[in-house]
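*Asks:* Please read through the structure below; I'll follow up with questions.
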């Protein structure tokens, strides 16, 4: 799973969000390292919807403009959990091999 | 957030690059996101513009098929595999040039150097030129079949027939000159083509063809 996809699903794991909300949340989750742009975001959202990992939660009209909220589907939550577990296991192995203790790396 | 009508018009112009079905689905909400993220200005930022154009090109060119048409989806995947295999076959032929050259010398010991060069080029050049073209055709077929173009299904059948004839001809005329790995690559490609044709002419694929080109997720 690509990092952008993982971060989008993570953003939606907290609850339904609209496009701009996802962008700001992803920036926060990644500590400013990943800044999604509209083209990338909606291409990913479109694909994730086709894969039935996310779905439309509801729509609002704010200032005469459409605001569409997306939410994670059960399949999406399952996929995100599996990916998070995989990443956590890899990170655990890496950290144990580097013998990281109290922020000091001893290769 | 800015409400500049000029900026909105410019963003809409960029969004016009997207496929129609995608625009119908997402244009308004994308515009909200773009306007919300825009600094007060009259022009879309370079990073946003590049991202929009790159995504639009990807959406237009990517091979895709609706998940409901699983047989076509698998056929599209096989067509992409076909393109990769064409390039692998090209590398194989280039890598086994020495064997082909030696085989020609063995088969035609009376050839002059000029004749030998002609014979070598006649065997290797068509593959070197043809394989990248064939790879492009496989990708084109993946694109068109994924979008349910009826002509693409027929064309894929015709191309498969051509591949079959070409493979038979390779076995009949050049089996002694092509390296075994070259012929094996040809057989694998034929097999991929065969399964692809079976999949796209499967009754489950029928309703996918001839429908209005639409959104892959619908």
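Residue numbers (this note's numbering), protein chains in the order written: chain A, 117 to 223; chain B, 427 to 644.
Here a beta-carbon is modelled for each residue, glycine too, at the ideal position from N, C-alpha and C.
Predicted model, so just to flag it, every value in this text is computed and none were measured.
Beta-carbon within less than 8 Å of residue 442 of chain B's beta-carbon, same chain only, minus the 5 sequence neighbours each way: which residues are those?
*Replies:* Excluding residues within five positions, the ones whose Cβ falls inside 8 Å are 449.
*Asks:* Kindly indicate if chain A contains any beta-carbon less than 9 Å away from that of residue 643 of chain B.
*Replies:* Interpretation of residue 643 of chain B is limited by its pLDDT of 42, a score under 50 that renders its predicted location unreliable; no figure is taken from the coordinates.
*Asks:* Pairing CB atoms from the segment 505 to 514 of chain B with CB atoms from the segment 552 to 566 of chain B, are three or more of them under 8 Å?
*Replies:* yes
*Asks:* Got a sec, what are the start and stop residues for the beta strand (DSSP E) residue 173 of chain A sits in?
*Replies:* In the DSSP assignment, residue 173 of chain A falls within the unbroken beta strand (DSSP E) covering 170 to 178.
*Asks:* I'd like the list of long-range same chain contacts for residue 129 of chain A, defined as Cβ closer than 8 Å, with 5 residues on each side in sequence excluded.
*Replies:* 188, 193, 196
*Asks:* Would a C-beta distance cut-off of 9 Å place residue 146 of chain A and residue 161 of chain A closer than the cut-off?
*Replies:* no
*Asks:* Can you tell me whether residue 182 of chain A is helix, strand or coil according to DSSP?
*Replies:* strand
*Asks:* Using only the alpha-carbon positions, how far apart do residue 653 of chain B and residue 625 of chain B sit?
*Replies:* Chain B is shown from 427 up to 644; residue 653 of chain B falls before or after that span and cannot be answered.
*Asks:* Cα separation between residue 628 of chain B and residue 538 of chain B?
*Replies:* Taking the straight line from one Cα to the other gives about 52 Å.
*Asks:* Tell me whether the beta-carbon of residue 508 of chain B lies closer than 9 Å to the beta-carbon of residue 636 of chain B.
*Replies:* no
*Asks:* Under three-state DSSP, which class holds residue 134 of chain A?
*Replies:* The DSSP-derived three-state label of residue 134 of chain A is strand.
*Asks:* What is the DSSP secondary structure of residue 583 of chain B, counted as helix, strand or coil?
*Replies:* helix
*Asks:* Going by the beta-carbon positions, is the gap between residue 135 of chain A and residue 458 of chain B smaller than 9 Å?
*Replies:* yes
*Asks:* Are the Cβ atoms of residue 139 of chain A and residue 125 of chain A separated by less than 9 Å?
*Replies:* no
*Asks:* Among A/209, A/137, A/190, which residue has its Cα nearest to the Cα of residue 158 of chain A?
*Replies:* A/137
*Asks:* Rounded to a whole number of angstroms, what is the C-alpha to C-alpha distance between residue 535 of chain B and residue 520 of chain B?
*Replies:* If I take the Cα positions, the gap works out to 23 Å.
*Asks:* Please report whether the beta-carbon of residue 452 of chain B lies at a distance below 9 Å from any beta-carbon of chain A.
*Replies:* yes
*Asks:* Would you please verify whether the beta carbon of residue 121 of chain A is less than 9 Å from any beta carbon of chain B?
*Replies:* No, residue 121 of chain A lies away from the interface with chain B (no Cβ there is under 9 Å from its Cβ).
*Asks:* Please report whether the beta-carbon of residue 574 of chain B lies at a distance below 9 Å from any beta-carbon of chain A.
*Replies:* Answer no: the Cβ-Cβ gap between residue 574 of chain B and chain A never drops below 9 Å.
*Asks:* To the nearest angstrom, report how far apart residue 518 of chain B and residue 499 of chain B are at their CA atoms.
*Replies:* 28 Å
*Asks:* Pick from A/121, A/178, A/204: whose alpha carbon is nearest that of residue 150 of chain A?
*Replies:* A/121
*Asks:* Have a look at residue 622 of chain B and residue 118 of chain A and give me their C-alpha separation to the nearest angstrom.
*Replies:* 29 Å
*Asks:* Taking the alpha-carbon positions, what's the residue 213 of chain A to residue 203 of chain A distance?
*Replies:* Using only the alpha carbons, I get a separation of about 15 Å.
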